[in-house]
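According to the numbering used here, the stretch in the sequence shown is residues 657 to 884, in order. Cβ coordinates follow ideal geometry from the N, Cα and C atoms, glycine included. Written below as structure tokens is the structure these notes are about.
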Amino acid sequence: MRSFATIMAAAALAQTAMAHYRFNKLIVGDEVTKEYEYVRQNSNMNSPVTDVTSKDLVCNVGGLDTGAQTSTYKVAPGDTVGFAVDTPIQHPGPLNVYMSKATGDASEYDGSGDWFKIYEMGANKAGDNGLTFKADKLDKVTFTLPDETPAGQYLLRVEHIGLHSASSFGGAQFYISCAQIEVSGSSTAKPDPTVKIPGVYTGHEDSIELSIYYPIPVNYQPPGPAVW
């Protein structure tokens with residue numbers, strides 16, 4: 657089993673450079689919008705973020721600098737929204753979606769406020785060949801905006817965490833994008849629990865720093881707060 661784990665880890669390293677991906681299009685209902693029309697464009701191509709203490713964890717490298725050139729899509733609570741991926745997700749790992757209400761215009765917001773999780777995709781049941789994940793090979797992910805989402809402008813943030821090289825600290829790879837949306841309605845609900853980004857992760861969580869090949873984890877849960 658140890659030799660199998662070594663082989664799997666080596667294979668994961670070999671595919672690292674060619675298996676990166678970007679969440680570059682917002683999906684609303686049946687519409688897939690244009691590339692980076694409503695999603696803030698990053699400056700590091702399809703490379704991941706690995707430092708969970710960096711401001712790059714908010715909207716990817718350069719993502720805090722491109723709000724002004726990004727449009728904001730008007731949506732309603734209960735709408736189906738999501739992200740399309742330029743290349744299907746190749747790395748194994750969980751997927752989380754967070755929202756943070758802007759203090760004013762979403763195009764000027766730096767994500768320094770509170771974030772709450774609205775969706776997550778975790779692992780399948782562990783098998784003899786290691787842990788597999790529900791987001792594997794997807795070319796898009798969609799979800800429903802909570803019915804009680806308060807009105808206002810938001811950053812809608814998706815992260816997929818590649819765990820193929822996560823057996824040591826800093827090995828997990830975060831693929832991140834932020835879309836700008838404006839939610840209609842009159843809800844005054846207060847999403848809970850909330851976190852800060854960065855700050856939500858230390859990088860030492862059992863769901864971030866681990867080998868998914870050996871020993872095979874059981875009862876894997878995505879990192880971060882509970883879904884609101």
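>> Please report the straight-line C-alpha distance between residue 836 and residue 690, rounded to a whole angstrom.
In response: 13 Å
> Helix, strand or coil: which one does DSSP assign to residue 724?
Replying inline: helix
> By Cβ distance below 6 Å, which residues in the same chain neighbour residue 722 in space, the five residues on each side in sequence not counted?
Replying inline: 696, 697
> Which value, in whole angstroms, describes the spacing of the CA atoms of residue 728 and residue 765?
Replying inline: 12 Å
> Is residue 658 helix, strand or coil when you go by DSSP?
Replying inline: With a pLDDT of only 46 at residue 658, under 50, the local geometry of the prediction cannot be trusted, and no value is derived from it.
> Given residue 778, which residues of its chain have a CB within under 8 Å of its CB, disregarding the five upstream and five downstream residues?
Replying inline: 750, 789, 790, 876, 877, 878
>> Classify residue 603: buried if its beta carbon has 16 or more other beta carbons within 10 angstroms, exposed otherwise.
In response: The question about residue 603 has no answer here: the residues shown for the chain are numbered 657 through 884.
>> I'd like the list of long-range same chain contacts for residue 735, defined as Cβ closer than 8 Å, with 5 residues on each side in sequence excluded.
In response: 684, 685, 800, 801
>> Taking the beta carbon of residue 699 as the centre, do at least 16 other beta carbons fall within 10 Å, making it buried, or is it exposed?
In response: exposed
>> In whole angstroms, give me the CA-to-CA distance for residue 760 and residue 838.
In response: 11 Å
> To the nearest angstrom, how far is it from the Cα of residue 694 to the Cα of residue 738?
Replying inline: 11 Å
> Considering only C-alpha positions, which residue in the set 842, 856, 733 is nearest to residue 752?
Replying inline: 856
> Who are the Cβ neighbours of residue 808 in its own chain at under 8 Å, not counting the five residues just before and after it?
Replying inline: 757, 758, 838, 839
> Whose C-alpha, out of 798, 858, 870, is nearest the C-alpha of residue 687?
Replying inline: 798
> Would a C-beta distance cut-off of 8 Å place residue 901 and residue 748 closer than the cut-off?
Replying inline: Since the first and last residues shown for the chain are 657 and 884, residue 901 lies out of range.
>> Rounded to the nearest angstrom, what separates residue 716 and residue 818 at their Cα positions?
In response: 15 Å
>> Run through the DSSP bridge pairs and tell me what residue 755 is partnered with.
In response: 772, 812
>> Here's the rule I'm using: 16 or more other beta-carbon atoms within 10 Å means buried, otherwise exposed. How should residue 860 be labelled?
In response: exposed
>> Rounded to the nearest angstrom, what separates residue 887 and residue 707 at their Cα positions?
In response: With the chain represented from 657 up to 884, any question about residue 887 goes unanswered, as that position is not in the structure.
> What number of angstroms, rounded off, separates the C-alpha of residue 881 from the C-alpha of residue 850?
Replying inline: 7 Å
> Taking the beta strand (DSSP E) that residue 713 falls in, what are its first and last residues?
Replying inline: No beta strand (DSSP E) holds residue 713; the alpha helix (DSSP H) holding it covers 712-715.
> What is the rounded straight-line gap between the Cα of residue 816 and the Cα of residue 824?
Replying inline: 18 Å
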